[in-house]
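**Student:** Got a structure for you, written out below as structure tokens; questions coming shortly.
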Amino acid sequence: MSVVIHSFDRFEYLLNAINSVENQTYKNLELLLINDESSQEDYYQHSFPSFVKKIDIKKSDLPNWSGSRQALINIGVENSSGKYIALLDDDDIWLPKKLEIQISQMIEKNVKFSSTEGLFGNGVYKSDNEYKLYNKEHFFKILKKKYKKTNYLKNGKFPEYWNFDFLNVHNCVIKSSVVIDRDLYELVGGFRGLPKNADYDFWLSLLQHTDLLYIDEPLFYYDGSHGDGKLYI
């Protein structure tokens, strides 16, 4: 399992994200940390755990870079070795059994692309706090409006498998929830160099080759105090 985190000047939050990877019950993993020319000295002076491989990016050395930060994730994938690729934003965290549950489900159901339900809050995650479910509660009214003319959410439940037509209505996939089989990632070619909506574009490209398994269990925490939500809503 190869975990890829892209980070820029959010060092304190990044440490929480890395700790959540280190605390996974699934242990066979490596973490590729893409340091996107951060100005904080901690990125260069901190001693990261041994499973972390830090890659310091200099965009001046990337003549073909399009301006898309998401496309820098591809560099992490190119330097990784795991059968599966898991993505995590530097200000989000995973709950401890996230990878164990997700990989087990992917193997059992023979799928190459999956995402999960999550928790939504503002600020650093605290295990004794109560949070809303990301899709089922926090954004559900918005999603019901988006899918009003379809049959997908009429019973109040999300389908177990999401195809291209489902996601083409609206982007319900959060990057920190995603695990992708390497063969599928490489088949599509990774993130394209788009300045906006690069995540959504990538998910739709993957869904041209397979369906997504949606695990209806909160396995990540999304910190809404940094994301403006524009790409989602």
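Residue numbers for the sequence shown follow the numbering used here, so the first one is 8 and each next one is one higher. C-beta: ideal position from N, C-alpha, C; glycine also.
(1) Classify D99: buried if its beta carbon has 16 or more other beta carbons within 10 angstroms, exposed otherwise.
(2) According to DSSP, simplified to helix, strand and coil, what is L238?
(3) Rounded to whole angstroms, what is the Cα-Cα separation between Q215 and D208?
(4) Quick one, are the C-beta atoms of F58 and E37 less than 9 Å apart?
(5) Exposed or buried, what is E19 when buried is set at 16 or more other beta-carbons lying within 10 Å of its beta-carbon?
(6) Alpha carbon to alpha carbon, what distance is there between L21 and A93?
(7) Pick helix, strand or coil for F227, following the three-state DSSP scheme.
(8) Where V185 and V10 are concerned, what is the direct C-alpha to C-alpha distance, given to the nearest angstrom?
(9) Within a Cβ cutoff of 6 Å, which residues of the same chain sit near S183, ignoring the five residues on either side of it in sequence?
(10) Can you check DSSP and say which residues form a bridge with D108?
(11) Reducing DSSP to helix, strand and coil, say where D18 ends up.
(12) Cα-Cα, which of F127, L201 and I187 is closest to H145?
(13) So, are the CB atoms of D223 and K164 less than 9 Å apart?
(14) Could you tell me whether the Cβ of Y33 comes closer than 9 Å to any Cβ of chain C?
**Tutor:** So, from the data block:
(1) buried
(2) For L238, the predicted structure reports a pLDDT of 38, less than 50, and the residue's modelled location is therefore unreliable. The matter cannot be settled from this model.
(3) Going by the C-alpha atoms only, they are around 11 Å apart.
(4) Result yes, Cβ atoms of F58 and E37 sit closer than 9 Å.
(5) exposed
(6) Near 16 Å, if we compare the C-alpha coordinates of L21 and A93.
(7) strand
(8) 10 Å
(9) L95, D96, D99 and F227
(10) Reading off the sequence shown, one finds Ile at residue 108, where the question assumed Asp. Answer is none; I108 lacks a bridge partner.
(11) The sequence shown places Phe at residue 18, not Asp. If DSSP states are grouped into helix, strand and coil, F18 belongs with the helices.
(12) F127
(13) yes
(14) This model lacks chain C altogether; it includes just one protein chain.
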